[in-house]
Amino acid sequence: MAYKSTNLKTTLSVRSIISIHYFDYMSDFSFPGESHDFWELLCVDKGEIDAVAGDQRHTLKRGSIIFHEPGEFHNVITNGRIAPSLVVIAFQCSSPCMNAFRSQILSIQEPESALLAQIIIEARHAFVGRLDDPYQEELIRNTESPGFGSEQLIKNYLEELLILLYRRYFANPFPVPAKSLGRPLKRHPNETYNRIVRYMEEHVSEQLTIEKICKNTLISRSRLQKLFQEFHGCGVIEFFTLMKIDTAKELIRSNQLNFTQIADRLGYTSIHYFSRQFKKTTHMTPSEYASSIRLLSEKSLDSKSCQP
Numbered sequence: 150m151a152y153k154s155t156n157l158k159t160t161l162s163v164r165s166i167i168s169i170h171y172f173d174y175m176s177d178f179s180f181p182g183e184s185h186d187f188w189e190l191l192c193v194d195k196g197e198i199d200a201v202a203g204d205q206r207h208t209l210k211r212g213s214i215i216f217h218e219p220g221e222f223h224n225v226i227t228n229g230r231i232a233p234s235l236v237v238i239a240f241q242c243s244s245p246c247m248n249a250f251r252s253q254i255l256s257i258q259e260p261e262s263a264l265l266a267q268i269i270i271e272a273r274h275a276f277v278g279r280l281d282d283p284y285q286e287e288l289i290r291n292t293e294s295p296g297f298g299s300e301q302l303i304k305n306y307l308e309e310l311l312i313l314l315y316r317r318y319f320a321n322p323f324p325v326p327a328k329s330l331g332r333p334l335k336r337h338p339n340e341t342y343n344r345i346v347r348y349m350e351e352h353v354s355e356q357l358t359i360e361k362i363c364k365n366t367l368i369s370r371s372r373l374q375k376l377f378q379e380f381h382g383c384g385v386i387e388f389f390t391l392m393k394i395d396t397a398k399e400l401i402r403s404n405q406l407n408f409t410q411i412a413d414r415l416g417y418t419s420i421h422y423f424s425r426q427f428k429k430t431t432h433m434t435p436s437e438y439a440s441s442i443r444l445l446s447e448k449s450l451d452s453k454s455c456q457p
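Below is the structure:
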């Protein structure tokens, strides 16, 4: 048989990456705004922000993603109440289908959320420096990167993200697949897993035990432990501890409670135990975390005061 090769058609191609950021903002953070000659997407991972695009101001909540086209002035404003976490990716792409994303605010689903997570993971392998510094103007390659092919995966994941969104909102010839190569979880979430996570979110201020979780979510101890090992490679109590610390970080950034009040709200027996758990998880004390996040706000104010 005479086999013939088929050159695969490239519908959308990301030519280069300008920046990749994951920000934890204080609730009173503000950015002076900018415009540039490349695309930028902003996705709210947690919390809520106001995004300025041109002469429009939009309130974005968790799961919202906005696209800023080249040349469009844009800005991020927090509301003073809810401390947000944002994914921001700037990139060059001249594919005609990008026109559909102009002035668009969309909602991401699990496949896109997983791809964004994978982009952040690979960026930490591929580049040196902090991903939470909005004033970093150049990505510096990590010459000792342990991640084989990390830069190519970033390109692939971002292109897949854009294609999935285009299919869902602008073409939709067939459904977006439920599974994605970019999943950060080891398996696709099922109803049992979702029920247990919802229960822990609703009781994050308590001191849960495995026995209590099993009793109130109707699952055996062995099945519960196996479930979280399969999904996250850790125990359920370790996962719950990470959930508590994640909530603590949001409360710190909201700037409405002191550390003792946060520890009490999250069910810690003492401020000292809370601080030890926080440092064990984040490698920073609560004070160090708050200071590092506040630096971003101070930089913003300094930058804003220098504007003409």
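Under my numbering, the first residue of the sequence shown carries the number 150, and numbering increases by one thereafter. The beta-carbon is built from N, C-alpha and C at its ideal position, and this holds for glycine as well. The model shown is predicted, which means the values in this text are computed figures rather than measured ones.
Simplified DSSP state of residue i, which is helix, strand or coil
i	result
Tyr438	helix
Arg251	coil
Ser165	strand
Glu355	coil
Ile215	strand
His470	Outside the modelled stretch of the chain, which goes from 150 to 457, sits residue 470, for which no answer is possible.
Phe363	First, the amino acid is wrong: residue 363 is Cys here, not Phe. Cys363 falls in the helix class under three-state DSSP.
Arg279	coil
Ser419	coil
Leu330	The predicted model places Leu330 with a pLDDT of 27, which falls under 50 and marks its position as unreliable; any figure quoted below should be read in that light. DSSP places Leu330 in coil when its eight states are reduced to three.
Ala151	coil
Cβ distance (whole Å) where residue i is taken to contact residue j below 8 Å
i	j	result
Ser402	Ile345	At residue 402 the sequence reads Arg, which differs from the Ser that was named. Incorrect: roughly 27 Å between the Cβ atoms, too far for contact.
His170	Leu280	5 Å
Cys246	Tyr315	6 Å
Gln253	Phe297	Between Phe297 and Gln253 the Cβ distance is about 34 Å, and since that is not below 8 Å, they are no contact.
Ile257	Leu307	The pair is not a contact, with the Cβ atoms about 13 Å apart (cut-off 8 Å).
Ile359	Ile386	6 Å
Ile269	Val236	7 Å
Tyr342	Phe380	6 Å
Leu406	Leu400	6 Å
Tyr417	Phe408	Actually they are not in contact, since the Cβ atoms of Tyr417 and Phe408 sit about 10 Å apart, beyond 8 Å.
Asp186	Pro219	5 Å
Leu264	Glu309	6 Å
Tyr348	Lys398	Contact flag wrong, Cβ pair sits at about 21 Å.
Arg425	Ser354	Not quite, the Cβ-Cβ distance comes to about 19 Å (not below 8 Å), so this is no contact.
Leu373	Cys363	6 Å
Phe240	Ser165	7 Å
Arg211	Val193	5 Å
Opening and closing residue of the alpha helix (DSSP H) in which residue i lies
i	result
Asp395	385-403
Ser117	The question about residue 117 has no answer here: the residues shown for the chain are numbered 150 through 457.
Lys158	Counting along the chain, Lys158 falls outside any alpha helix (DSSP H), and DSSP gives it neither H nor E.
Glu308	299-315
Per DSSP, the bridge partner or partners of residue i
i	result
Gln410	Looking at the DSSP assignment, Gln410 forms no beta bridge with any residue, so it has no partner.
Arg538	Any property of residue 538 remains undetermined from this structure, which presents the chain solely from 150 to 457.
Tyr171	Val236
Thr208	Asp199
Arg425	None, per the DSSP bridge assignment.
His223	Glu183, Ala202
Ser256	Ser213
Glu189	His217, Ala239
Arg459	The question about residue 459 has no answer here: the residues shown for the chain are numbered 150 through 457.
Min CB distance residue i to chain D below 8 Å
i	result
Pro295	In the structure shown, chain D does not exist; there is a single protein chain.
Next on the checklist: Can you confirm whether the region 271-282 touches the region 226-234 when touching is taken to mean that 3 or more C-beta pairs between the two stretches lie within less than 8 Å?
Outcome noted: no
Next on the checklist: Between the region 170-185 and the region 205-224, can you find at least three pairs of beta-carbon atoms closer than 8 Å?
Outcome noted: yes
Item to check | Meets three-Cβ-pair contact criterion under 8 Å: the region 199-216 and the region 157-167 | outcome: no
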